[in-house]
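Beneath this line is the structure, given in structure tokens, with notes to follow.
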Amino acid sequence: MDQLDPSNLIKIDVATRFLPEQSDPEAHRFVFSYEITITNDHTQPVQLLSRRWVVTDGNEHVQEIEGEGVVGEQPVIQPNHSYQYTSGTVLATHVGSMFGHYNMETADGDAFQAPIPPFTLARPNALH
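For what it's worth, our numbering labels the leading residue of the sequence shown as 784, then goes sequentially.
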């Protein structure tokens with residue numbers, strides 16, 4: 784068994800994009816996609832079982848989202864490999880933020896949370 788905290792061995796990178804073709808600013812609808820890359824630096828496979836997101840828009844309206852897996856999958860990520868997926872969210876404002884965690888489990892059955900650091904969702908030129 785590893786002496787290291789498994790959550791420190793999962794690296795999460797996020798790239799966001801504003802989707803103007805799906806957004807309608809007059810209707811307070813701002814659509815964003817986010818691409819997540821999860822890298823397993825653990826010595827054994829890990830499985831992503833569920834997720835929890837906290838989404839906050841520019842009006843400080845908070846939405847909490849929980850569910851099994853991501854994009855319909857509960858991927859097993861092998862050591863020194865990455866899993867990547869793209870998803871999206873709709874905000875009522877042109878700027879917001881997200882953070883959360885993945886509930887994961889090692890091949891040995893050790894459950895742990897992998898934190899997803901906060902990231903900003905913003906229409907281009909919305910932040911100066």
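Positions of the beta carbon are idealized from the N, C-alpha and C atoms, including for glycine.
In terms of alpha-carbon separation, which member of the options lies closest to residue i?
i      : options                           : result
Gln857 : Thr889, Val838, Asp796 and Ser880 : Thr889
Ser870 : Val814, Leu792 and Ser806         : Val814
Gly850 : Pro803, Arg835, Asp807 and His877 : Arg835
Asn791 : Pro898, Gly883, Asn863 and Asp807 : Pro898
Val853 : Ala875, Leu802, Val873 and His884 : His884
Thr826 : Ile848, His864, Ser806 and Phe801 : His864
Asn842 : His811, Thr872 and Gly892         : His811
Leu802 : His877, Ile860, Asp891 and Gln846 : His877
Arg906 : Asp788, Ser806 and Pro789         : Ser806
Distance check for residue j and residue i, CA to CA, integer angstroms please.
i      : j      : result
Val829 : Glu809 : 44 Å
Thr879 : Pro901 : Rather than Thr, the amino acid found at residue 879 in this sequence is Gly. Answer to the nearest angstrom: the Cα atoms are 10 Å apart.
Asp796 : Asn823 : 12 Å
Ile819 : Tyr868 : 6 Å
Val873 : Gly855 : 19 Å
Asn908 : Glu804 : 17 Å
Using 7 Å as the limit for Cβ to Cβ distance, is residue i near chain D?
i      : result
Val797 : No chain D appears in this structure, which consists of one protein chain only.
So, under 8 Å CB-CB, residue i and residue j are touching, yes? Tell me the CB distance rounded to an integer number of Å.
i      : j      : result
Thr799 : Tyr817 : 5 Å
His844 : Ala894 : So it is not a contact: roughly 31 Å between Cβ atoms.
Leu832 : Ile821 : Not quite, the Cβ-Cβ distance comes to about 13 Å (not below 8 Å), so this is no contact.
Ile793 : Met887 : 7 Å
> Residue ranges of each alpha helix (DSSP H) run of no fewer than 4 residues wholly in the stretch 788-829, ordered along the chain?
Replying inline: Listed in chain order, nothing qualifies, since the stretch 788-829 has no complete alpha helix (DSSP H) run of 4 or more residues.
>> Quick check on the DSSP output: what are the complete beta strand (DSSP E) runs of length 3 or more inside the stretch 848-909, in order along the chain?
In response: 864-874, 878-889 and 894-905
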